[in-house]
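Undergrad: Here you go, one structure.
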Amino acid sequence: SSSQHTMAFSSPSSPSGSWSLPGALLPMAFGFLGGIIASNSFFGTNVLFRRNNDNKKKIATAKNPDDANKSKAEAHLWKLVQYSFSASLIRAGDKLDIYEKLFEAKQITARELAAKYGWSPRWVQEFLLQSVAAGICSFQQQQAGDVLMFSLKSEYASFLRPPTKEKKSLAGMFQLLLPLVNRSDSVAAAIETGVGIDYDWDGGKESDADDVTFAMDRKNRNWFQHSLVDDLLAKIVIPSTKKRLVDFLDDDSARDRPITIADIGCGCGASSIALANRFPHAHVYAFESSSRAMQVMKDRIKAQGITNITICDVSERTVIDGPFHKNEKKSKGANTFDFVYAHDVLHDMTQPRELIRDIFHTLSDDGCWVIIDINCSHDVVANLKKPEAATLYGFSCLLCLSCSSSTKDGEALGTCGFPPQLARKWIDK
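Sequential numbering from 944 applies to the sequence shown in this note's numbering.
This is the structure in C-alpha cells:
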C-alpha cells in the first residue's frame, strides 16, 4: 500500500542505500442514489429540486463559490463512505472465495452461483450488483429480460484472487482493514493520553487481533517467498567488503560456525522460513514480540520440518544476547550475527534506537544489516503530497504510531516517522 525504501549497512562503515517501489492500492467507488432533495454531490449539477403536486420545480441555483466548495466537500465525504462500503464487501467476498469462483466461472448468473455453493440467491444478487457498481465486476443482460450474467473484470483478478493463486493479491490488505477500523476508539483515547496500543491488542475481541496478525502475514507472504532473495537480497552488495550478500550467505566454508541471521520483527515467520530454506547452511534467529504470530510461526516450522530456525521471544531474548547462549559461546566462536534483516518494523518500535545500538554491538565485522522501511521524507509537506498520503497516515493512526507509542517512553515514530535521513543519523551515531 505504500512505497518502501531499502538500506544496507555494514559495521562500522557509513550507510548506502537502494530503493524499491511496490504497486499502489487501487481505490474503488460506486454510485449512490439521492432522495427527494437531490444534492449536486451525486448528480453533478448545481440545481436543487423539490417535488410539488404537479412536477419537479426548480427552486434554487447555487452560484456562490462557497456553496460550490461545500458541495464538493459533501461529495468527497460521500466518496469516502462509498470506498469504505466497497472495501468491507471485498473482504466479505474474499471470505467466501467469491472472486476465485467468478474467475473460474468466467460468466455466471447470481442464481447459478448461489445454487452451485448453496448460498442465498437474493444475497448473491445484491452482492454482485454492488460489485458491478464498484467497478470490480461487469454484467451482460440476457435477451430474456432481467437475468444478468456477471463476470469478474480481468484487470481485477490478479488483485482479488487469493494469494495462493496470485502473487500480487491484495486480499490480505482487505482482511487487514476491518480489524484496524475497530481500533478507532483507541485513536480517540491516544489523542487524549498520548499512549497507543500494541500489536496484540484485541479490545476484548480476540478475533480482531488474530485478523491483524494473519492479515499482515497474508499480505506479505508472497513477497517473502518469491521476491525477498531474488529481487532484493541478490542485488545487495555488502558495503564493507564489496561482496554480494547472497554469495556471502552461501559460503560458510571458511567458518568455524554456521552463518547466523537475525530476522527482526518477523511476524508469522514468512521471511524467516524463506531465508532458512534459501540458505540451509545458515541458522536464522527469528525475533518477534507478538505471541500470536510466534505460535503461527512455531506451527509452520514444525509442519515443514525446518531445523535451522530458532524463535526468539523478545521479552526473554533480544538481539544484544547474540545468536548463542552463554554456555555455547566458547564452543561456537564469536557471538555475532552475520546478516540482520529488519522488514517494515523500526517505525513500529517503542525503542528503535536500542535495537540500533544492539545491532551495532552484535553485527560481525564483515556482516550486513538490511533495513526495509517506508519511503517517506523528513519533510511533512512532501509526505502530504504523496498520492498515498491518506493511506500512510491512516495506517499510522490505526497501527504504526499506536504501536510505537504503546509505552509512555515510546519514540512514537509512526508510519512516516523513520525517513532515510533519520535512519542514517541514528545509525551513524
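Ideal placement from N, C-alpha and C gives every residue a C-beta, glycine not left out.
Keep in mind that this is a model prediction, so the values were computed, not measured.
Alpha carbon to alpha carbon, what distance is there between isoleucine 1315 and proline 1201?
TA: On the sequence shown, residue 1201 is found 258 positions in, with the first residue counted as 1. On the sequence shown, residue 1315 is found 372 positions in, with the first residue counted as 1. Taking the straight line from one Cα to the other gives about 25 Å.
Undergrad: With H, G and I counted as helix, E and B as strand and the rest as coil, what does DSSP make of threonine 1203?
TA: Taking the first residue of the sequence shown as position 1, residue 1203 is located at position 260. Here threonine 1203 sits in strand by DSSP.
Undergrad: Spell out the partners DSSP gives valine 1180 in its beta bridges.
TA: For this step, residue 1180 is matched to residue 237 along the sequence shown. Looking at the DSSP assignment, valine 1180 forms a beta bridge with Arg1187.
Undergrad: DSSP on isoleucine 1249, reduced to helix/strand/coil?
TA: Sequence index remark: in the sequence shown, residue 1249 carries index 306 (1-based). Reduced to three states, the DSSP call for isoleucine 1249 is coil.
Undergrad: Measure the CB-CB distance between leucine 1120 and alanine 1030 and report whether it falls below 9 Å.
TA: Position 177 of the sequence shown, counting from 1, holds the residue named residue 1120. Position 87 of the sequence shown, counting from 1, holds the residue named residue 1030. Yes, the pair counts as a contact, with Cβ atoms nearer than the cut-off.
Undergrad: Nearest-angstrom Cα distance between lysine 933 and glycine 1353?
TA: Past the edges of the chain, shown from 944 to 1372, lies residue 933, and the structure says nothing about it.
Undergrad: Which of the three DSSP states is assigned to alanine 1355 in this structure?
TA: Working through the sequence shown from its first residue, we reach residue 1355 at position 412. Coil, per DSSP.
Undergrad: Can you tell me which residues form a DSSP beta bridge with leucine 1306?
TA: Against the sequence shown, residue 1306 aligns to sequence position 363. According to DSSP, leucine 1306 bridges with Phe1280.
Undergrad: If we count Cβ pairs, one from each stretch, closer than 8 Å, do we get three or more for the segment 1120-1137 versus the segment 1044-1057?
TA: They do not touch, by the three-pair rule.
Undergrad: Residues in the same chain with beta-carbon distance under 7 Å from serine 1081, minus the five sequence neighbours each way, listed in chain order, please.
TA: Sequence index remark: in the sequence shown, residue 1081 carries index 138 (1-based). Around serine 1081: Val1075, Ser1094, Lys1096.
Undergrad: Answer with buried or exposed for glutamate 1135, where buried requires no fewer than 16 other C-beta atoms within 10 angstroms of its C-beta.
TA: For the purposes of this step, residue 1135 is identified with residue 192 of the sequence shown, where counting begins at 1. Glutamate 1135 comes out exposed.
Undergrad: Pick out whichever of Leu1344, Asp1287, Met1292, Phe1303 has its Cα sitting closest to the Cα of glutamine 947.
TA: Taking the sequence shown and counting its residues from 1, one reaches residue 947 at position 4. For glutamine 947, the nearest C-alpha among the options comes from Asp1287.
Undergrad: Could you tell me the distance, in whole angstroms, from the CA atom of phenylalanine 1267 to the CA atom of glutamate 1098?
TA: On the sequence shown, position 324 is the one that residue 1267 refers to. On the sequence shown, position 155 is the one that residue 1098 refers to. Roughly 50 Å between the two C-alpha positions.
Undergrad: Can you list, in chain order, the stretches of the beta strand (DSSP E) that have 3 or more residues and sit fully within the segment 1206-1249?
TA: As far as the segment 1206-1249 is concerned, its whole beta strand (DSSP E) runs of at least 3 residues are 1226-1231.
Undergrad: List the DSSP bridge partners of leucine 1091.
TA: Numbered from 1 along the sequence shown, position 148 holds the residue referred to as residue 1091. Looking at the DSSP assignment, leucine 1091 forms a beta bridge with Gln1084.
Undergrad: Under three-state DSSP, which class holds cysteine 1255?
TA: For the purposes of this step, residue 1255 is taken as the residue at position 312 of the sequence shown. In this structure, cysteine 1255 counts as strand in the three-state DSSP scheme.
Undergrad: Tell me whether glutamine 1391 sits in a helix, a strand or coil according to DSSP, three-state version.
TA: This structure cannot settle anything about residue 1391, because the visible part of the chain is limited to 944 through 1372.
Undergrad: Quick one: what's isoleucine 1079 bridged to in DSSP?
TA: For the purposes of this step, residue 1079 is taken as the residue at position 136 of the sequence shown. None; isoleucine 1079 has no bridge partner.
Undergrad: Do you know offhand how far valine 990's Cα is from lysine 1368's?
TA: Counted from its first residue, the sequence shown places residue 990 at position 47. Counted from its first residue, the sequence shown places residue 1368 at position 425. Confidence at valine 990 is low in this model, with a pLDDT of 36, below 50, so the placement of that residue is unreliable and no value is reported for it.
Undergrad: From lysine 1015 to lysine 1022, what distance separates their C-alpha atoms?
TA: Counting from 1 along the sequence shown, the entry for residue 1015 is found at position 72. Counting from 1 along the sequence shown, the entry for residue 1022 is found at position 79. Answer to the nearest angstrom: the Cα atoms are 10 Å apart.
Undergrad: By Cβ distance, which residues of its chain are closer than 7 Å to isoleucine 1302, with the 5 residues on each side in sequence left out?
TA: Residue 1302 sits at position 359 when you count from the first residue of the sequence shown. Excluding residues within five positions, the ones whose Cβ falls inside 7 Å are Val1262, Val1283, Trp1312.
Undergrad: Here's the rule I'm using: 16 or more other beta-carbon atoms within 10 Å means buried, otherwise exposed. How should tyrosine 1142 be labelled?
TA: As a working note, residue 1142 is residue 199 in the sequence shown. Buried, because 16 or more other Cβ atoms sit within 10 Å of the Cβ of tyrosine 1142.
Undergrad: DSSP has isoleucine 1051 in a bridge; who is on the other side?
TA: Residue 1051 sits at position 108 when you count from the first residue of the sequence shown. Answer by DSSP bridge pairing, in chain order: Phe1093.
Undergrad: Once DSSP output is grouped into helix, strand and coil, what is the label at isoleucine 1299?
TA: The residue given as residue 1299 occupies position 356 in the sequence shown. Three-state result, isoleucine 1299: helix.
Undergrad: How would you call lysine 1162, buried or exposed, if buried means at least 16 neighbouring beta carbons within 10 angstroms?
TA: For the purposes of this step, residue 1162 is taken as the residue at position 219 of the sequence shown. Looking at its Cβ environment, which holds 16 or more other Cβ atoms inside 10 Å, lysine 1162 is buried.
Undergrad: When DSSP labels each residue in this structure, what does arginine 1367 get in the three-state scheme?
TA: Translated into positions along the sequence shown, residue 1367 becomes position 424. Three-state DSSP puts arginine 1367 in a helix.
Undergrad: Could you compute how far the alpha carbon of alanine 967 sits from the alpha carbon of asparagine 1007?
TA: Here residue 967 refers to the residue found at position 24 of the sequence shown. Here residue 1007 refers to the residue found at position 64 of the sequence shown. Confidence is the limiting factor: at alanine 967 the pLDDT is only 34, short of 50, which leaves the residue's position unreliable, though a coordinate-based value still follows. Distance between the alpha carbons of alanine 967 and asparagine 1007 is about 37 Å.
Undergrad: May I have the straight-line CA-CA distance separating serine 1347 from glutamine 1294, to the nearest angstrom?
TA: For the purposes of this step, residue 1347 is identified with residue 404 of the sequence shown, where counting begins at 1. For the purposes of this step, residue 1294 is identified with residue 351 of the sequence shown, where counting begins at 1. Taking the straight line joining both Cα atoms gives about 8 Å.
Undergrad: Does proline 1363 pass the burial test, meaning 16 or more other C-beta atoms within 10 Å, or should it be called exposed?
TA: Position 420 of the sequence shown holds residue 1363. Buried.
Undergrad: Suppose the cutoff is 8 Å on Cβ atoms and the five residues either side in sequence are ignored; what does the same chain contact list for lysine 1049 look like?
TA: To locate residue 1049, count along the sequence shown from 1; it is residue 106. Closer than 8 Å at the Cβ level, and outside the excluded window around lysine 1049, lie Ser1094.
Undergrad: With a threshold of 16 other CB atoms inside 10 Å of the CB of histidine 1290, please say whether the residue is buried or exposed.
TA: What you label residue 1290 is simply residue 347 of the sequence shown in a count that begins at 1. That one is buried.
Undergrad: Given a cut-off of 9 Å on the beta-carbon distance, is the pair glycine 1210 and methionine 1292 in contact?
TA: Residue 1210 sits at position 267 when you count from the first residue of the sequence shown. Residue 1292 sits at position 349 when you count from the first residue of the sequence shown. No, they are not a contact pair.
Undergrad: Thinking C-beta only, is glycine 1212 closer than 9 Å to isoleucine 1254?
TA: The residue labelled residue 1254 in the question sits at position 311 within the sequence shown. The residue labelled residue 1212 in the question sits at position 269 within the sequence shown. Yes, they are a contact pair.
Undergrad: My assumption, with CB atoms under 8 Å, is that alanine 1219 sits in contact with asparagine 1251. Please give the rounded CB distance.
TA: Taking the sequence shown and counting its residues from 1, the one referred to as residue 1219 is at position 276. Taking the sequence shown and counting its residues from 1, the one referred to as residue 1251 is at position 308. Between asparagine 1251 and alanine 1219 the Cβ distance is about 5 Å, and since that is below 8 Å, they are a contact.
Undergrad: Anyone know if the C-beta pair for aspartate 936 and serine 1183 falls short of 9 Å?
TA: Outside the shown range of the chain, which is 944 to 1372, sits residue 936, and nothing can be said about it.
Undergrad: Tell me, which residues are paired with isoleucine 1317 by DSSP?
TA: Taking the sequence shown and counting its residues from 1, one reaches residue 1317 at position 374. Gln947.
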